[in-house]
Amino acid sequence: MLPAKIRHLLLALIVLILIASGLWWFSQPKPVTVALKEIDRGKVESSIANTRAGTVEACLRTRLSTILGGRIEILAVKEGDRVKKGQLLIKLWNDDQQAQRVLALTQVESARKHVAEACALAVNAESEAERQASLRAQGFVSKSAEEQARAAAQSKRASCDAVKADVAQTQARVSAARVELGRTVLYAPFDGTIAKIVGEVGEYSTPSPPGVPTPPAIDLIDDSCLYVRAPMDEVDAPKIKAGQPVRISLDALPKQSFPGKVRRVAPYVSAVEKQARTVDIEATLDHPEAPGKLLVGYSADVEVILAVRDNVLRVPTSALQEGGRVLVAGTDGKLQERKVKTGLANWEYTEVQNGLAAGERVVTSLEREGVKAGAHFVAEEKSK
Numbered sequence: 012m013l014p015a016k017i018r019h020l021l022l023a024l025i026v027l028i029l030i031a032s033g034l035w036w037f038s039q040p041k042p043v044t045v046a047l048k049e050i051d052r053g054k055v056e057s058s059i060a061n062t063r064a065g066t067v068e069a070c071l072r073t074r075l076s077t078i079l080g081g082r083i084e085i086l087a088v089k090e091g092d093r094v095k096k097g098q099l100l101i102k103l104w105n106d107d108q109q110a111q112r113v114l115a116l117t118q119v120e121s122a123r124k125h126v127a128e129a130c131a132l133a134v135n136a137e138s139e140a141e142r143q144a145s146l147r148a149q150g151f152v153s154k155s156a157e158e159q160a161r162a163a164a165q166s167k168r169a170s171c172d173a174v175k176a177d178v179a180q181t182q183a184r185v186s187a188a189r190v191e192l193g194r195t196v197l198y199a200p201f202d203g204t205i206a207k208i209v210g211e212v213g214e215y216s217t218p219s220p221p222g223v224p225t226p227p228a229i230d231l232i233d234d235s236c237l238y239v240r241a242p243m244d245e246v247d248a249p250k251i252k253a254g255q256p257v258r259i260s261l262d263a264l265p266k267q268s269f270p271g272k273v274r275r276v277a278p279y280v281s282a283v284e285k286q287a288r289t290v291d292i293e294a295t296l297d298h299p300e301a302p303g304k305l306l307v308g309y310s311a312d313v314e315v316i317l318a319v320r321d322n323v324l325r326v327p328t329s330a331l332q333e334g335g336r337v338l339v340a341g342t343d344g345k346l347q348e349r350k351v352k353t354g355l356a357n358w359e360y361t362e363v364q365n366g367l368a369a370g371e372r373v374v375t376s377l378e379r380e381g382v383k384a385g386a387h388f389v390a391e392e393k394s395k
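Numbering follows the numbering used here, in which position 239 of the sequence shown is assigned residue number 250; successive positions increment by one, without gaps.
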């Protein structure tokens, strides 16, 4: 057996070695846990999206009010009703205009009878003038008698023409009365759905005077044709043209998107107080039936696709740092910084033209503390 002194020395040496090993271990930097994504090939799109929520709009929508104010006598529809073009919507009390129209029709009939009387007398007077002229040629009557007969015929003919003019005047009164009646009724200008009604039977309906916003009596929507209006940043506006493909997403239908086309780009910039200047675009669905029943007023987002490249090397956009740099998972367990050349990009993927190879893994959790070039790393479970 070893002497006790030697054993004590060996134990002390072992303890010193363990302490030194522990100090060395704890002095080493701990590896950071990172999320990794494997570089692969696939599709990359360059796109831009609206700055604020867009809105589903109807191609035809009108807010109707009667031209004249008055008491509502007939309310022929209710909110949510489907109506046909030309269908009566609202009629105001208009007994006075109807009475004026009846009076005008009566005047027309009276004037026509006066025409029959006056024109019959004119025909008789003209026949008498011809008879007097024949007798004058034979020497049976004087020249003055012939002239009197001719003057009487001309006078009767003038009376006939005057009464005819009275008929035209009274017919014009009928037309004017009809116009006045039309100012007290509302008819549907197109097929659609009644969205809102302001007023009830017996209440007074007031038209909107110039410069004074008054709620319309009827809000009529043609929901057979819908589009999405969305504001785009003025910086992106020059890139957008009618006919470009888009993806439309609706808050009411989460996790779904629908293909469409740009229909129109507004020719002016909208300046909204305390908000960025934007340009409105209109987009339509390629298959309007795909989302099902859409309601006017739904909030929607429009992503305009500017360019598409298929089967290209791509890196998650979240892995890119300023200056086109990425952190690559090295085979030595350390993170390596790599400069890459990029192409098309969107919020999800960016095309890699040079600097990375398929199969390499890049860090996507750049916001975590300690994630930097040269750091030891441990990959998260389920990361690729």
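We put the CB at the ideal spot given by N, CA and C, even for glycine.
Distance between I59 and A368 (C-alpha atoms, nearest Å)
28 Å
Pairwise C-alpha distance: Q109 and R189
8 Å
Measure the CB-CB distance between E56 and N357 and report whether it falls below 9 Å.
yes
In chain order, which continuous runs of the beta strand (DSSP E) of length 3 or greater are located wholly inside the segment 155 to 233?
Entirely contained in the segment 155 to 233, the beta strand (DSSP E) runs reaching 3 residues are, in chain order, 196 to 198, 203 to 208.
Confirm, please, whether the CB-CB distance from A294 to V273 is below 9 Å.
yes
Beta-carbon proximity of R72 to V239, cut-off 9 Å:
In this structure, V239 does not lie closer than 9 Å to R72 by Cβ.
Straight-line Cα distance separating R142 from A148
10 Å
Where does I25 fall in DSSP's three states?
helix
Measuring only the C-alpha atoms, how far is E392 from V374?
Going from the Cα of E392 to the Cα of V374 covers about 14 Å.
Taking C-alpha atoms, which residue in F201, Y215, V246 lies nearest to Y279?
V246
Relative to the C-alpha of A179, which residue among N135, D234, A122 is closest?
The shortest Cα separation from A179 among N135, D234, A122 belongs to A122.
How about L75 and A228: do their beta carbons lie closer than 9 Å?
yes
In chain order, what residues of the same chain lie with their CB nearer than 8 Å to the CB of K352, ignoring the 5 residues before and after it?
G335, V363, Q364, N365, G366
Whole angstroms is fine: what's the gap from Q3's alpha carbon to A199's?
Residue 3 cannot be examined here, being either before or after the span of the chain that is shown, 12 to 395.
Could you check the C-alpha separation between A87 and P265 for me, to the nearest Å?
38 Å
Quick one, which of G210, S281, A330 has its alpha-carbon nearest M243's?
S281
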